[in-house]
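Have a look at the structure below before the remarks.
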Amino acid sequence: MSYSNDMPDLSHGDDAAAVNSLRSAVMRLGRRLKHQRVDESLSPTEMSVLGTLARCGSATPGELARKEHVQPPSMTRIVALLEAKGLVRLEPHPEDRRQKVVSQTEQAEAMLEESRRKRNAWLAQLADTLDEDEWAKLRAAAPVLEKLAHL
24 MSYSNDMPDL
34 SHGDDAAAVN
44 SLRSAVMRLG
54 RRLKHQRVDE
64 SLSPTEMSVL
74 GTLARCGSAT
84 PGELARKEHV
94 QPPSMTRIVA
104 LLEAKGLVRL
114 EPHPEDRRQK
124 VVSQTEQAEA
134 MLEESRRKRN
144 AWLAQLADTL
154 DEDEWAKLRA
164 AAPVLEKLAH
174 L
């Protein structure tokens, strides 16, 4: 696949079909994974914020808004909801007294761990239906999909 002006050249039919198939499969699998939740009271956005805190560590609401691609006022509401549920705590910023730093609580860590366990078990059950060649290809594709997810 060749690139120009930051847009892929999908004029080759096989590349266009592969991109379409990948998009569709990733979206369907993502939707199915979202249904494998431990706590149904949390929105997917709230779960995503907790996941970001788990991966990246404590952050200001503004930093979280940028990482989650939401507006700062929306993140302020999300953080307030998570704080009310005991899943995050707000602490004074060490250098800027006007800001707060958001950290996840032990309760959030335990919930995320249980959620990962449940989702991993669900995916493992699906993977059991693959033959050895399909499973080897999927294992090899995982780092590439991870790279795409974080670009």
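Per this note's numbering, residue 24 is the first one in the sequence shown, and the count goes up by one each step. Yeah, the Cβ is synthetic: ideal placement off N, Cα and C, and Gly gets one too. Keep in mind it's a predicted model, so treat the numbers as computed, not measured.
Which term fits residue i, buried or exposed, when burial requires 16 or more other beta carbons within 10 angstroms of its beta carbon?
i      : result
Val42  : exposed
Tyr26  : A caution first: Tyr26 carries a pLDDT of 49, below 50, which makes its placement in the model too unreliable to give a value.
Met70  : buried
Leu73  : buried
Leu174 : exposed
Comparing C-alpha positions only, which one of the options sits nearest to residue i?
i      : options                         : result
Gln122 : Asp151, Met70, Ala82 and Pro166 : Ala82
Ala103 : Met134, Arg78 and Leu65         : Leu65
Leu168 : Met50, Ala39, Asp37 and Ser138  : Met50
Skipping 5 residues on each side, what residues in its chain have a beta carbon closer than 7 Å to that of residue i?
i      : result
Trp158 : Ala150
If we call anything under 8 Å between Cβ atoms a contact, is residue i one with residue j?
i      : j      : result
Val111 : Ser126 : yes
Glu114 : Val124 : yes
Glu63  : Thr75  : no
In chain order, what residues of the same chain lie with their CB nearer than 8 Å to the CB of residue i, ignoring the 5 residues before and after it?
i     : result
Gln17 : Here the chain covers residues 24 to 174 and nothing more, so residue 17 does not appear.
Considering only residues of the same chain and omitting the five flanking positions on each side of residue i, which have a CB-CB separation below 6 Å?
i      : result
Ala88  : Pro95 and Met98
Ser138 : Val61
Pro67  : Lys57
Within the 8 Å Cβ cut-off, does residue i reach chain C?
i      : result
Gln148 : Going by chain labels, chain C is absent from the structure shown, which holds only one protein chain.
Which parts of the segment 35 to 67 are runs of the beta strand (DSSP E), unbroken and 3 residues or longer, counting only runs that do not cross its ends? none
Could you name each continuous alpha helix (DSSP H) segment of 4 residues or more that falls completely within the segment 71 to 101, going from the start of the chain to the end? 84 to 91
In chain order, what are the residue ranges of uninterrupted beta strand (DSSP E) at least 3 long that sit wholly in the segment 102 to 161? 111 to 115 and 123 to 127
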